[in-house]
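Going by UniProt numbering, the first residue of the sequence shown is number 1, and it counts up by one from there.
This report refers to the structure that appears directly beneath it.
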Amino acid sequence: MPRAPPPRPSEDARLAAYKPGVDVARSRRRREDRLLAVRRSNRDAGLFKRRRDEPTPTPIPPARAATPSSQADDVPTTTTATSPPSSAPSSPPSSPPAESVPPTAADSELEGLSEMVEKVWSDDTTSQLEATIQFRRLLSDEKNPTVIKIIRADVLPRFSDFLSRHEHPQLQMEAAWVLTNIAASDYTLLVAECGAVPRLVELLESANANIRHQAIWALGNIAADVPTCREIVLDHGAVTPLLAQFREGMKVPVLRTATWALSNLCFGKLPAEVQVKPILDIISQLIHSVDEKILGDACWALCYICDGVSDGIQHVLDAGACPQLVNLLMHASANILLPVITVLARISSGDDAQVQVLVENDILNYLAPLLARNYPKSIKKQACLIVSNISTGSKDNIQAVIDADVISPLIFLLKTSEKDIKEEAAWAISNAASGGSNDQIQYLVSRGCLEPLCNVLTYQDADLVYACLEGLQNILQAGAVGKQGQGSTVNPYAQFILECGGLDKLEDLQEVDNDAIYKLVMKLLEGYWDEEVSDDDPNLPTSNDSAETVETASEDAAQPTEPSASPNESE
């Protein structure tokens, strides 16, 4: 959404803001601001809590599960993290037998809550297990809102204690399941503060695979809540034992849950003591998975690392993730395309060298179909943003945009799409126009950019309007050079802006309460439409190309008098 205009700047600030050409740093800062808003709006798509529902029960091994001979649960049945698992759906981790609990309705169990509480606090292990199973069954029914009553019963500390009962793995499992589903509610902070987190982290090293899986699930739900909860999980050192779960022969459901939990831990600013390289070593393998759930969460994790770690973009590039991310732009699922293109958009807001990595990996040729075909709006917006950031660079980058045939679909979006997509397309075209050479300007005009750019002058986003003015300024300068080279008295681009109503829009901007916009508008009006200014006036704007380009203007001059004429590509 358009941001409100900033407070009126000081005279020095206004003078500093007035620049005749594109300000790459300002444009990149603007991109980072918008990316933050996009990430916040997309947070629910990649970061959420997961309630564990009631599966078909399967017995859990008794206490001997802690011995080496009991590790049969760890026998691999699927592929590994380095060899991506199948995308076939799988069930949650197995649970202890429910036959020990008489089948009763949830509401009847709720009526016996006081008796369940007494059993939980008793010293009899059988009663504790029976009551914990009853609590778990209540919480697994999403339609039975009993969480607040259970919270008021003050049993959370007791369930936390059960996590340390290593001689009773069934009780550990049931207690972890109860805490998992409470953490999936609005009371996550109570779980984080009841002493459960260090015990859950300890359970990540359990010999029982089902208990490890349940602990991962619980920690993932806690980390998905407010930053305080996530910090508690990180402060208890959950990252290292979580990374240890990614091993040879890892089961698909555990791999999915672990990837999701790791993604939740990466959201926000990571503490300095958390080593990013081991995380990226795992994620750089996960982004090759064929399982969409694993792949999507892994890509969201990369996006969060770009934001939450100092030099996060460079860390992601150093991990070698860029080529695969670019290849994933051909993925058929929008659920994968969104996190992938969000990561790439974040990388495109980096420095020139980081943006160049994207260009060298041929990202522009992958973006052209996303812009031209029927993809979701969020994906098109991010694609426009990447092109815009690439276009703020050198003329070589702008030429790469032209060579990838991205300009025509951008102009089509600028003419026909919804307003928010139009704005992103306008940034891309404005940036290309602001930094383009005369030949590149000629190409943009020949593709019909002038009229839709003039329409952008009516938008409320002051930054975007100013960027559009900068683009029009460079276009008019190229037209002036072409006019001089041809010995003509008419600037063809100024004439077309007049004919399409752009001059009226420029004049309307004289009333805007923005000094930078006002000064640039006045410069354009006086330089190109003031009859008092002659063609040989020394104050007439000239091209922002090099002196050599101006001297050879007859070769680089814009040829067409109509915007639809065929372009001459730059060498």
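Just so you know, even glycine gets a beta-carbon here, dropped at the ideal spot from N, CA and C.
The model shown is predicted, which means the values in this text are computed figures rather than measured ones.
Quiz item: Helix, strand or coil: how does DSSP classify C322 here?
Solution: helix
Self-check item: For F246, the three-state DSSP class (helix, strand or coil)
Solution: coil
Exercise. Alpha carbon to alpha carbon, how far is V340 from P157? Give it in angstroms, no decimals.
Key: 41 Å
Practice problem: Could you give the DSSP three-state label for H213: helix, strand or coil? | Solution: helix
Exercise. Indicate whether the contact test is met: 3 or more Cβ pairs, each with one atom in the segment 372-386 and one in the segment 343-357, closer than 8 Å.
Key: Flag = yes, the segment 372-386 and the segment 343-357 touch.
Self-check item: Where the alpha helix (DSSP H) containing C306 begins and where it ends
Solution: E292 to G308
Exercise. Identify which residue in Y443, Q354, P169 and A224 has its Cα closest to the Cα of I313.
Key: The shortest Cα separation from I313 among Y443, Q354, P169 and A224 belongs to Q354.
Practice problem: Could you tell me whether the Cβ atoms of A404 and L364 are closer together than 7 Å? | Solution: yes
Quiz item: Beta carbon of L338, beta carbon of S289: below 7 Å?
Solution: no
Exercise. Kindly give me the distance between the Cβ atoms of A218 and T188, rounded to whole angstroms, as I take these residues to be in contact under 8 Å.
Key: No, A218 and T188 are not in contact; Cβ-Cβ is about 10 Å, not under 8 Å.
Quiz item: Starting from I182 and walking both ways along the alpha helix (DSSP H), at which residues does that stretch end?
Solution: P169 to A183
Self-check item: Per-residue DSSP class, three states only, for P492
Solution: helix
Quiz item: If we count the other Cβ atoms within 10 Å of its Cβ and call it buried at 16 or more, is V316 buried or exposed?
Solution: Per the 10 Å Cβ criterion, buried.
Exercise. Find out if the Cβ-Cβ distance for the pair I441, A478 is shorter than 7 Å.
Key: yes
Quiz item: What is the rounded straight-line gap between the Cα of V191 and the Cα of V155?
Solution: 11 Å
Quiz item: For H166, which three-state DSSP category applies?
Solution: coil
Practice problem: Work out the CA separation of D318 and A183 for me, nearest whole Å. | Solution: 35 Å
Quiz item: Does the beta-carbon of A334 have 16 or more other beta-carbons within 10 angstroms, so that it is buried, or is it exposed?
Solution: exposed
Quiz prompt | For residue 576, the nearest candidate out of I151, R152 and N208 (CA to CA) | solution = Residue 576 lies beyond the residue range present for the chain, which begins at 1 and ends at 571; the question has no answer from this structure.
Exercise. Kindly indicate which three-state DSSP category W427 falls into: helix, strand or coil?
Key: helix
Exercise. Over the uninterrupted alpha helix (DSSP H) stretch that includes D124, give me the two end residues.
Key: No alpha helix (DSSP H) contains D124, which DSSP labels as neither H nor E.
Exercise. Since I believe A467 is in contact with S430 (beta carbons under 8 Å), could you give me their beta-carbon distance rounded to a whole number of angstroms?
Key: 4 Å
Quiz item: Between K381 and the ligand FMN, is the CB less than 6 Å from at least one heavy atom?
Solution: No copy of the ligand FMN occurs in the structure displayed, which carries no ligand at all.
Quiz item: Going by other Cβ atoms of all chains shown within 10 Å of its Cβ, with 16 needed for buried, is E205 buried or exposed?
Solution: exposed
Exercise. Keeping to the same chain, check which residues put their C-beta closer than 6 Å to that of L328; ignore five residues upstream and five downstream.
Key: Correct list, in chain order: V340.
Exercise. Have a look at G195, L163, T146 and A196 and flag the residue whose alpha-carbon is nearest the alpha-carbon of L185.
Key: According to the sequence provided, residue 185 is Ser. The question's Leu does not apply to it. Here the closest residue by C-alpha is T146.
Quiz prompt | Status (buried if at least 16 other CB within 10 Å, exposed otherwise) for T257 | solution = buried
Practice problem: Classify M116 as buried or exposed, calling it buried when 16 or more other Cβ atoms lie within 10 Å of its own Cβ. | Solution: buried
Quiz item: Quick one: Cα of V465 to Cα of V406, how far?
Solution: 22 Å
Practice problem: Since I believe A433 is in contact with G471 (beta carbons under 8 Å), could you give me their beta-carbon distance rounded to a whole number of angstroms? | Solution: 3 Å
Exercise. Use the C-beta contact count for K149: other C-beta atoms within 10 angstroms, 16 or more gives buried, fewer gives exposed.
Key: exposed
Quiz item: Which value, in whole angstroms, describes the spacing of the CA atoms of L457 and V490?
Solution: Within the model, the alpha-carbon separation for L457 versus V490 is close to 23 Å.
Practice problem: Consult DSSP for S394 and reduce its assignment to one of helix, strand or coil. | Solution: coil
Quiz prompt | Which of helix, strand or coil DSSP assigns to K269 | solution = coil
Practice problem: Locate the alpha helix (DSSP H) running through S114, then write down its first and last residues. | Solution: L113 to V120
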